[in-house]
Amino acid sequence: MASKRGALIVLEGVDRAGKTTQCKKLVQALQQSGRPAEMMRFPDRSTTIGQLISAYLEKKSDLEDHTVHLLFSANRWELVPIMKKKLDQGITLVVDRYAFSGAAFTSAKPGFCLDWCKRPDVGLPKPDLVMFLQLNPAEAALRGQFGNERYETSAFQKSVQERFEQLMKDPSVNWKVIDASQNVEEVHADIRTHSLNAINETQNMPLGELWK
Ligand code: 2DT
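Counted the way the UniProt record's numbering counts, the sequence shown spans residues 1 to 212.
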């Protein structure tokens with residue numbers, strides 16, 4: 001019997017929806033039930049490209065908008081070999097942000113269209129499941145202030161949300177919308193259910209190519 005591959009699972013959502021907390025909880029739950037799983041996040045600030053992105057987000061440097069968009073994409077492509085290797089080894093990857101954040105954030109800037117923004121990520125490993133943690137701005141505000149990084153303003157986040165809504169209309173991607181206004185355990189239960197289904201459904205299927 002051929003060995004089963006891991007699933008590529010992505011969490012997306014606006015600021016303060018709880019993506020990082022939920023990624024960690026999912027990895028823990030999968031591991032505890034005997035399923036190999038690891039967390040990744042984009043941008044991965046540990047690489048040389050990731051450090052350029054991090055300085056930009058922290059407003060320690062300025063980068064031209066197209067340039068930083070391509071760096072975000074390059075930061076994903078540089079990790080593709082390792083992602084494929086892990087998935088082949090049967091490890092499920094739980095990823096905090098992916099190409100959808102890439103397209104949503106840049107296309108929320110003036111002068112950018114969604115189509116151009118998606119191009120550099122065409123052909124990346126296609127997630128088996130993308131969960132969008134939905135939280136309205138009023139509820140997000142109750143969870144505290146924005147941070148000081150670039151993009152952390154309510155006007156920009158509103159445009160980002162609209163771009164995500166556009167992206168979610170694409171039926172070629174397995175989107176699931178999660179109500180992130182529930183408590184942490186309820187959100188986790190929804191995410192775990194969708195994830196277990198995706199793991200079971202895709203383990204004997206080849207990995208797809210995104211937006212292709
Ligand atoms: P966090 O590290 O807090 O998630 O913030 N972003 C992310 C982009 O503009 N393009 C991308 O491709 C990705 C993955 C979203 C990272 C910030 O960077 C934005 C918020």
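We treat Cβ as the ideally placed atom computed from N, Cα and C, and that holds for glycine. All of these numbers come straight from a predicted model, not from anything done at the bench.
Residue i: first and last residue of the uninterrupted beta strand (DSSP E) it sits in
{"i": "ALA37", "result": "37–41"}
{"i": "residue 213", "result": "It is not possible to answer for residue 213, since the shown part of the chain is limited to 1 through 212."}
{"i": "GLU185", "result": "Where GLU185 is concerned, there is no enclosing beta strand (DSSP E), although the alpha helix (DSSP H) it sits in stretches over 184–202."}
{"i": "GLY13", "result": "8–13"}
{"i": "VAL130", "result": "129–134"}
Residues near residue i in its chain [Cβ-Cβ closer than 6 angstroms; skip 5 each side]
{"i": "LYS126", "result": "GLY208, GLU209 and LEU210"}
{"i": "TRP116", "result": "none"}
{"i": "GLY54", "result": "One detail in the question is off: residue 54 reads as Ser in this sequence, not Gly. Excluding sequence neighbours, SER54 sits near ARG45."}
{"i": "PHE112", "result": "THR106"}
{"i": "ARG163", "result": "ALA104, SER107 and ALA108"}
{"i": "GLN145", "result": "none"}
{"i": "GLN157", "result": "VAL14 and ASP15"}
{"i": "HIS69", "result": "THR106"}
Residue span of the alpha helix (DSSP H) that contains residue i, given as start and end
{"i": "ASP88", "result": "80–88"}
{"i": "THR92", "result": "Run containing THR92: none in the alpha helix (DSSP H); it sits in the beta strand (DSSP E), 92–96."}
{"i": "LEU167", "result": "154–167"}
{"i": "GLY50", "result": "48–57"}
{"i": "LEU30", "result": "19–32"}
{"i": "SER61", "result": "Element bounds for SER61: n/a, residue is neither H nor E."}
{"i": "LYS118", "result": "114–118"}
{"i": "VAL68", "result": "65–77"}
{"i": "PHE105", "result": "99–107"}
{"i": "PRO137", "result": "137–142"}
Other residues of its chain near residue i: CB distance less than 8 angstroms, five sequence neighbours each side excluded
{"i": "GLN51", "result": "ARG45"}
{"i": "MET1", "result": "The pLDDT assigned to MET1 is 45, lower than 50, so where the model puts this residue is not dependable; a value taken from the coordinates is nonetheless given after this. Excluding residues within five positions, none has a Cβ falling inside 8 angstroms."}
{"i": "ARG76", "result": "PHE42, TYR98, ALA99, GLY102, ASP121 and LEU124"}
{"i": "MET83", "result": "LEU8, MET40, LEU93 and PRO125"}
Nearest to residue i (by Cα), restricted to the options the options
{"i": "LEU133", "options": "GLN182, LYS85 and SER159", "result": "GLN182"}
{"i": "LYS85", "options": "LEU8, LYS158 and THR47", "result": "LEU8"}
{"i": "LYS212", "options": "LEU196, HIS194, VAL173 and SER33", "result": "VAL173"}
{"i": "ARG119", "options": "HIS66, TYR56 and GLN157", "result": "HIS66"}
{"i": "ALA180", "options": "LEU57, ASN136 and LEU167", "result": "ASN136"}
{"i": "ASN148", "options": "VAL27, PHE72, LEU57 and CYS23", "result": "LEU57"}
{"i": "LEU30", "options": "GLU165, PRO110 and GLY90", "result": "GLY90"}
{"i": "PRO110", "options": "ALA155, GLN203, GLY144 and LEU71", "result": "ALA155"}
{"i": "ASN200", "options": "ASP128, LEU71, SER73 and LYS169", "result": "ASP128"}
{"i": "GLY18", "options": "THR202, VAL160, VAL184 and ASP170", "result": "VAL184"}
{"i": "THR21", "options": "ASN197, ILE191 and ARG35", "result": "ILE191"}
{"i": "VAL177", "options": "PRO171, VAL130 and ALA198", "result": "VAL130"}
{"i": "CYS23", "options": "SER33, ASP170, THR153 and GLU38", "result": "GLU38"}
Own chain residues within Cβ distance below 7 angstroms of residue i, not counting five before or after
{"i": "LYS25", "result": "HIS188"}
{"i": "ASP88", "result": "ARG5"}
{"i": "TYR151", "result": "PHE105"}
{"i": "THR47", "result": "ASN75 and GLU78"}
Per the contact definition of three or more C-beta pairs closer than 8 angstroms, is the stretch 43–62 in contact with the stretch 84–95? Verdict: no, contact absent.
Assess, as a yes-or-no matter, whether the stretch 134–153 is touched by the stretch 4–14 under the definition of 3 or more beta carbon pairs within less than 8 angstroms. The answer is yes - the stretch 134–153 touches the stretch 4–14, with three or more Cβ pairs under 8 angstroms.
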